[in-house]
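For what it's worth, UniProt numbering labels the leading residue of the sequence shown as 1, then goes sequentially. Below: one structure, written as structure tokens.
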Amino acid sequence: MAIFRRNGSEGKNVRTQEQNQSLMKLIKRVHSVVEHEDIEKHRQSQDYFGALLGNSREMDIVPVDVEGMHCEWVRVRRPHVKRRVILYCHGGGYSTGSCIYARTLTTKLASAASMDVFCFDYRLAPEYPYPAAPQDAMKAWDHLMLQGFGAADVVVAGDSAGGNLALSLTLSLREQGRLLPGGLVLLSPWTDLTASGKSHESRAEVDPVLDAEYLQKMTENYAKDADCRNPLVSPLFADFSGFPPVYIQAGDNEVLLSDSTRLQKNMLRAGVPARLDVFEGMWHVFQMSPFKTAAEAMDKCAEFIFEIGR
């Protein structure tokens with residue numbers, strides 16, 4: 001595990017902490033604008049911010065219909081890798097989120113890795129609880145296989161609940177005896193729907209994005225009739241034997257930090273090459289934000305993707 005800190009004098013560290021505090025206050029205000037008790041309005045607000053912040057002249061967004069499921073290709077307008085692809089699972093607690101909202105991440109990932117990103121709108125809870133999302137993830141995977149990609153040429157990535165979904169998809173592929181992706185990239189993955197990690201308490205006062213009430217509501221929406229210790233619901237409790245390389249990023253100030261640190265430990269015990277970077281002063285899925293540390297984090301994702309593709 002690596003924790004990224006800035007080098008320099010004590011004065012610089014103090015200024016950095018003050019800047020992080022200001023950023024977290026800003027993120028909290030922005031999140032309060034997006035979040036809404038009416039789930040449809042919440043989804044619409046996310047799409048608005050996704051369209052605003054994920055807009056880039058360097059990208060082509062190509063919509064695709066896969067058996068009635070809306071998907072989209074995110075492609076850089078320059079020569080780039082074509083034989084490999086990133087399958088992206090968006091976050092949103094399994095109740096919100098979309099390809100549009102995910103553009104705050106998919107455009108950055110496509111640019112940093114110089115690869116096409118394929119994102120999909122899986123069915124959302126509470127209208128469609130577990131196992132609708134994993135079924136749709138498998139549909140997206142099968143579509144890429146039909147397009148001629150080899151399993152090892154696909155990197156499955158996701159943020160928050162999307163990280164959960166990326167893990168669940170890989171577990172399902174292994175259960176079916178199918179070939180696994182070349183690697184996984186997980187941004188602040190939500191891996192434990194039982195909320196048993198210590199950071200749920202230790203980071204409760206500093207996390208500007210998530211709180212216990214929100215996580216409980218998302219869990220009820222998605223897993224109301226499911227066992228939350230089922231590895232396909234809470235991948236933290238899975239046996240990861242045979243998994244491909246995994247790269248995890250998390251913020252030091254998020255309540256889901258334990259979901260990442262414990263995941264890495266479990267993977268290492270199973271012999272999986274799992275790397276974790278914890279970014280000091282950062283919050284849940286900080287990579288969405290338009291500032292330097294987010295860009296640096298995306299560059300590290302790209303480095304990992306390059307390494308496993310050699």
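Even glycine gets a Cβ: it sits at the ideal position worked out from N, Cα and C.
- Taken through DSSP and simplified to helix, strand or coil, F243 comes out as coil.
- Assigned with DSSP and collapsed to three states, Q249 falls in strand.
- Following the DSSP letters along the chain, one finds Y94 in no beta strand (DSSP E), marked with neither H nor E.
- The Cβ-Cβ distance between H90 and L105 falls below 9 Å.
- Per DSSP, the continuous alpha helix (DSSP H) segment holding D142 begins and ends at A132 to L146.
- Of the candidates L268, D225 and L186, L186 places its Cα closest to the Cα of L257.
- Membership of G50 in the alpha helix (DSSP H) is indicated by the continuous run I39 to L53.
- In the structure shown, the three-state DSSP call for P189 is coil.
- T191 is the residue among T191, P245 and T261 whose C-alpha sits nearest the C-alpha of L232.
- Residue range A274 to F279 is occupied by the beta strand (DSSP E) that includes D277, with no alpha helix (DSSP H) assigned at that position.
- With 16 or more neighbouring CB atoms inside 10 Å of its own CB, D47 falls in the buried class.
- Excluding sequence positions up to five before and after G162, its CB lies within less than 6 Å of the CB of C89, H90 and G91, all in the same chain and listed in chain order.
- Nearest Cα to P273 within the set Y101, M138 and V246: V246.
- Counting along the chain, R75 sits inside the beta strand (DSSP E) bounded by residues M69 to V76.
- Q249 places its beta carbon less than 9 Å from that of A297.
- Exposed is the label assigned to E67, since fewer than 16 other Cβ atoms lie within 10 Å of its Cβ.
- Two segments are said to touch when three or more pairs of C-beta atoms, one from each, lie closer than 8 Å; by this definition the segment 275-282 does not touch the segment 227-242.
- Around the beta carbon of R103, 16 or more other beta carbons lie within 10 angstroms, which makes this residue buried.
- Annotation: F291 is outside any beta strand (DSSP E) and is labelled neither H nor E by DSSP.
- In this structure, D227 is the residue among L268, L144, D227 and R310 with its C-alpha nearest to the C-alpha of P129.
- DSSP, reduced to helix, strand and coil, places R174 within a helical segment of the structure shown.
- Exclusion of the five residues before and after V81 leaves S114 and M115 as the residues of its chain whose Cβ lies within less than 7 Å of its Cβ.
- If you draw a straight line from the Cα of K139 to the Cα of V117, it comes to about 16 Å.
- Sequence-distant partners of C119 (beyond 5 residues in either direction) whose C-beta falls short of 7 Å from its own C-beta, in its chain, are C71, E72, V74, Y88, H90, C99, A102 and T106.
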